[in-house]
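Sequential numbering of the sequence shown, starting at 7, is according to this note's numbering.
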Amino acid sequence: MLSDIDISRRAELQPIEAVAQQFGILPSELIAYGAYKAKVSLDIKQRLADNRDGKLVIVTAVTPTPFGEGKTVTSIGLTQGLQAIGQRACACIRQPSMGPVFGIKGGAAGGGLAQVVPMESLNLHLTGDIHAVTSAHNLAAAAIDARLYHEHRLGAEAFAVQSGLTPLNIDASRIAWRRVVDQNERSLRHIRVGLGANVPNALGNGPEHDSGFDISAASELMAILALSRDLQDMRQRIGRIVLAHNTAGEVITAEDLGVAGAMTVIMSEAIAPTLMQTLSGAPCLIHAGPFANIAHGNSSIIADDIALKLADIVVTEGGFGSDMGFEKYCNIKARQAGKTPDAAVIVVTVKALKSHAEACQSDTSESAKLAAGFDNLRWHINNVAQYGVPVVVAINRFQSDTLEELTWLREQVMAQGVFGCEVCDAFTQGSQGAQALAEVVVQATEAPNQFRFLYPLEQSIETKLMTIAEAGYGASGIQLSAKAQAQLVHLKRHGFEHLPICVAKTPLSISHDPKLKGVPKGFELPISELKVSAGAGFITALVGQVMTMPGLGIRPGYLNIDINQHNEIVGLA
Numbered sequence: 007m008l009s010d011i012d013i014s015r016r017a018e019l020q021p022i023e024a025v026a027q028q029f030g031i032l033p034s035e036l037i038a039y040g041a042y043k044a045k046v047s048l049d050i051k052q053r054l055a056d057n058r059d060g061k062l063v064i065v066t067a068v069t070p071t072p073f074g075e076g077k078t079v080t081s082i083g084l085t086q087g088l089q090a091i092g093q094r095a096c097a098c099i100r101q102p103s104m105g106p107v108f109g110i111k112g113g114a115a116g117g118g119l120a121q122v123v124p125m126e127s128l129n130l131h132l133t134g135d136i137h138a139v140t141s142a143h144n145l146a147a148a149a150i151d152a153r154l155y156h157e158h159r160l161g162a163e164a165f166a167v168q169s170g171l172t173p174l175n176i177d178a179s180r181i182a183w184r185r186v187v188d189q190n191e192r193s194l195r196h197i198r199v200g201l202g203a204n205v206p207n208a209l210g211n212g213p214e215h216d217s218g219f220d221i222s223a224a225s226e227l228m229a230i231l232a233l234s235r236d237l238q239d240m241r242q243r244i245g246r247i248v249l250a251h252n253t254a255g256e257v258i259t260a261e262d263l264g265v266a267g268a269m270t271v272i273m274s275e276a277i278a279p280t281l282m283q284t285l286s287g288a289p290c291l292i293h294a295g296p297f298a299n300i301a302h303g304n305s306s307i308i309a310d311d312i313a314l315k316l317a318d319i320v321v322t323e324g325g326f327g328s329d330m331g332f333e334k335y336c337n338i339k340a341r342q343a344g345k346t347p348d349a350a351v352i353v354v355t356v357k358a359l360k361s362h363a364e365a366c367q368s369d370t371s372e373s374a375k376l377a378a379g380f381d382n383l384r385w386h387i388n389n390v391a392q393y394g395v396p397v398v399v400a401i402n403r404f405q406s407d408t409l410e411e412l413t414w415l416r417e418q419v420m421a422q423g424v425f426g427c428e429v430c431d432a433f434t435q436g437s438q439g440a441q442a443l444a445e446v447v448v449q450a451t452e453a454p455n456q457f458r459f460l461y462p463l464e465q466s467i468e469t470k471l472m473t474i475a476e477a478g479y480g481a482s483g484i485q486l487s488a489k490a491q492a493q494l495v496h497l498k499r500h501g502f503e504h505l506p507i508c509v510a511k512t513p514l515s516i517s518h519d520p521k522l523k524g525v526p527k528g529f530e531l532p533i534s535e536l537k538v539s540a541g542a543g544f545i546t547a548l549v550g551q552v553m554t555m556p557g558l559g560i561r562p563g564y565l566n567i568d569i570n571q572h573n574e575i576v577g578l579a
């Protein structure tokens, strides 16, 4: 086959206005960004308010492996397959961060004949939402240090007189708001700012203090963008962000600092989702990009709301395996959206299961490896099923898969009591290769659904953490570091105990340890830190050695990306 970018470049695309019109979006509700992408005005929500909601399908997967499971390929392929069998379908996915694009995988638009196109636009900048998040986030960081500097320089009384503002008495050692950048950069994880403040005759740089950078996708603003219902909701959420603490230990919010309004203004256009198309011309709404290992890992509520009013079936995906994005969809996003999934699709490959057969020796037969690795898929099936939604398994076919392997795998899957299981050939056959999967998914959305949350919000923070560890990961318990224990007391004192939990951990294992493959048992979940995201509406629990700023590998993806002699981008897939 051609490369993904060559397939994208040779596709005959419809003008985005035509895609919108076929989907039911009016020309007045579009803000075009060139010929093939456009923002959708939130005015559409009022017009569609009385429309009946369609069905929502969330796509998840087994534990990720180096081979890739093809979750986005399956999501886009399923959308195309649904369209091919006469369903009004729409995909809702996240905007790729340039960190992974240039650092790891080179693209996140699907692949083969199941892509969002043009894929260069999706992977590079799109309509600037991530840049808006980055700029608004760093404005708050600058505002904190500026306020710290002026209050420290003048003293509280003189500051109040000269500025007309109430002193905040920021504790420089308890600033919670770091900076962000949309690249993988490990050298910025821990930095010290304000250097030179104590040098005689130096320009004022502010009191020195520790800080650092996260990747933009990990910003609380990205989570707020994904979870807001409209611009006013986003404004209120930004105001609740906890930026720092004062010398008395009380929280200082973006509202207290007076920066929330300006931050919202910077993000005022980012609140609208971006419309693109798949290779078959099916609509796709792209909005927000929170990672699932360090954030909640799902695209926006706004995009889902619009799509559900226009489509029979909306296909969205949760990042990484079902222990990550799917769990967070159910326990965080679904609560705030008021919409639970009508069915779930678990993506698996033969290669992935073989890679989970860690106990097998290198000379063990391929069939034995497949059988040993099946435990990981069984765990994910049971994990999704405990939420009460119909489960469909999609076997994403690779060319190296044998008919015997696929037949055996399908039989084993059906023996687990799932609603259905189909082989998906969307990568090589596009819409046609996903029609059988689409037929089963339609039936699953019409089946009985007894959705249930993993835990009630009324439980204590410790109990919610324990439930996620035990019921969500299969752990035997939790371990709270001394720092996390102190933060737990602080969270309770400030009234944050009612919030759901967003666990930040490795995506490479169901556990906290990326070396533990398959289905780990008997481990305790080590919680190193607890942080409140008051605007997003959850508490983040950092587990193990998880990093909120990735680093570049020894052979980063950017080595393959360039401009050729025809001024075309190459190497994005």
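Ideal placement from N, C-alpha and C gives every residue a C-beta, glycine not left out. Computed from a predicted structure; not experimentally measured.
Query: Candidates Ala147, Pro106, Asn389 and Val199: closest to Glu226 by CA position; Result: Ala147
Query: Same chain, Cβ closer than 7 Å to Gly245, neighbours up to 5 away in sequence not counted; Result: Thr259, Ala260, Glu261 and Ala266
Query: Spatial neighbours of Asp431 in its chain, beta-carbon cut-off 6 Å, leaving aside the 5 residues before and after; Result: Arg403 and Gly439
Query: Gln491 versus Thr78, Glu468 and Thr473, residue with shortest Cα-Cα distance; Result: Glu468
Query: 7 Å Cβ shell around Lys527 - same chain, five flanking residues per side excluded; Result: Gly480
Query: Run of the beta strand (DSSP E) containing Val353, from where it starts to where it stops; Result: Ala349 to Val354
Query: Status (buried if at least 16 other CB within 10 Å, exposed otherwise) for Asn57; Result: exposed
Query: For Phe380, the first and last residue of its enclosing alpha helix (DSSP H); Result: Glu372 to Ala391
Query: Where Glu23 sits in the DSSP three-state scheme; Result: helix
Query: CA-to-CA distance, Gln20 to Ala224, given in whole angstroms; Result: 34 Å
Query: CA nearest to the CA of Leu471, picked from Ile401, Leu548 and Gly524; Result: Leu548
Query: Residues bridged to His215 (per DSSP); Result: Val199
Query: Classification of Asn382 by the beta-carbon crowding that lies within 10 angstroms, buried from 16 upward; Result: buried
Query: Residue of Ser437, Asn389, Ala363 and Leu359 minimising C-alpha distance to Leu621; Result: Outside the shown range of the chain (7 to 579) lies residue 621, about which nothing can therefore be said.
Query: Minimum length 4: unbroken alpha helix (DSSP H) runs contained in the segment 50-137; Result: 77-90 and 125-129
Query: Sequence-distant residues of the same chain with beta carbon closer than 6 Å to Thr78, five excluded per side; Result: Gly116
Query: Host beta strand (DSSP E) of Val321 (start-end); Result: Ile319 to Glu323
Query: Nearest neighbour of Val139, chosen from Ala350, Val68, Ile272 and Val107 [CA to CA]; Result: Ile272
Query: Beta-carbon gap between Thr546 and Cys508 smaller than 7 Å; Result: yes
Query: 8 Å contact criterion, which Ser286 and Ala294 should meet: CB distance rounded; Result: Contact doesn't hold; Cβ gap of about 24 Å is too wide.
Query: Residue range of the unbroken alpha helix (DSSP H) whose run includes Gln441; Result: Gln441 to Thr451
Query: Residues near Gly559 by beta carbon distance below 8 Å, same chain, minus five either side; Result: Gly109 and Ile110
Query: Length of the line joining the Cα atoms of Gly324 and Ala350; Result: 10 Å
Query: Those residues which DSSP pairs with Lys537 across a bridge; Result: Thr546
Query: Ser222 - DSSP class collapsed to helix/strand/coil; Result: helix
Query: With 16 other Cβ atoms within 10 Å as the buried cut-off, status of Pro462; Result: exposed
Query: Buried versus exposed call for Lys511 [16 or more other C-beta atoms within 10 Å across all chains shown]; Result: buried
Query: Span of the beta strand (DSSP E), counted from its first residue to its last, around Arg185; Result: Arg185 to Val187
Query: Same chain, Cβ closer than 7 Å to Ala166, five either side skipped, listed in chain order; Result: Thr172 and Pro173
Query: Neighbourhood of Asn175 by C-beta distance below 8 Å, restricted to the same chain and skipping five residues each side; Result: Glu157, Ala162, Asn252, Thr253 and Ala254
Query: Identity of the residues DSSP links to Asp10 by a beta bridge; Result: The partner list for Asp10 (beta bridge, DSSP) is empty, contrary to what the question assumes.
Query: Selected residue, minimal CA-CA separation from Val395, among Met240, Ala378, Cys336 and Asn129; Result: Cys336
Query: Where the alpha helix (DSSP H) containing Ser169 begins and where it ends; Result: Ala162 to Ser169
Query: Gly436 - containing beta strand (DSSP E), residue span; Result: Per DSSP, Gly436 belongs to no beta strand (DSSP E) and is neither H nor E.
Query: Reference Ala278, options Ile197, Ile136 and Leu194, closest by Cα; Result: Ile136
Query: Closest Cα partner of Val552 within the set Ala540, Ile575 and Leu536; Result: Leu536
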